[in-house]
Amino acid sequence: CCLTKTLLSTVLRKNIFKVRKNCDLLRRKKNQPTSEDLTFCTAVETRLTEIENNIKQLSEKCSEIKKSLSKILLKFGETPETDSQDLFSWLRDFVTNFTKSLP
């Protein structure tokens, strides 16, 4: 699950790089870029910067969550590599069965 998110983040970063490169090419290849071209490139670059900052924040948050999950897994006697979905499924099953056993 987390590997997929990391891969997606990498793909997004590569795509952002490509878009930035294309904006640079647009500015350089046209002899006289129009004001619309320049405005477009500026708007795109501004938005890309915002997206990069969001990706950075999400990556940092993901790292924090991974650390917290590893601590929780260790407390439950599981290896840090245990999938979070497995842990929460076990907890859900425990709570469900515990609730059913109550009078």
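Letter by letter, the sequence shown follows residues 16 to 118 in the numbering used here. All C-beta atoms in this analysis are idealised placements derived from N, C-alpha and C, irrespective of residue type, glycine included.
Residue i vs residue j beta-carbon contact at 8 Å
i, j, result
"Leu106", "Leu88", "no"
"Val26", "Leu63", "no"
"Ser83", "Ser24", "no"
Terminal residues of the alpha helix (DSSP H) in which residue i lies
i, result
"Phe91", "Unbroken run through Phe91: none, as it is neither H nor E."
"Gln100", "99 to 116"
Residues near residue i in its chain [Cβ-Cβ closer than 8 Å; skip 5 each side]
i, result
"Asn112", "none"
"Glu79", "none"
"Arg28", "Glu67, Ile70"
Beta-carbon proximity list for residue i, same chain, < 7 Å, skipping 5 on both sides
i, result
"Ile31", "Leu63, Ile66, Glu67"
"Ser85", "Pro95"
Query - Inter-stretch contact at 8 Å, needing at least 3 Cβ pairs: the segment 81 to 98 / the segment 51 to 69 - result: no
Requested in this report: Could you say if the segment 29 to 39 and the segment 50 to 61 meet the contact criterion of at least three C-beta pairs nearer than 8 Å?
Outcome: yes
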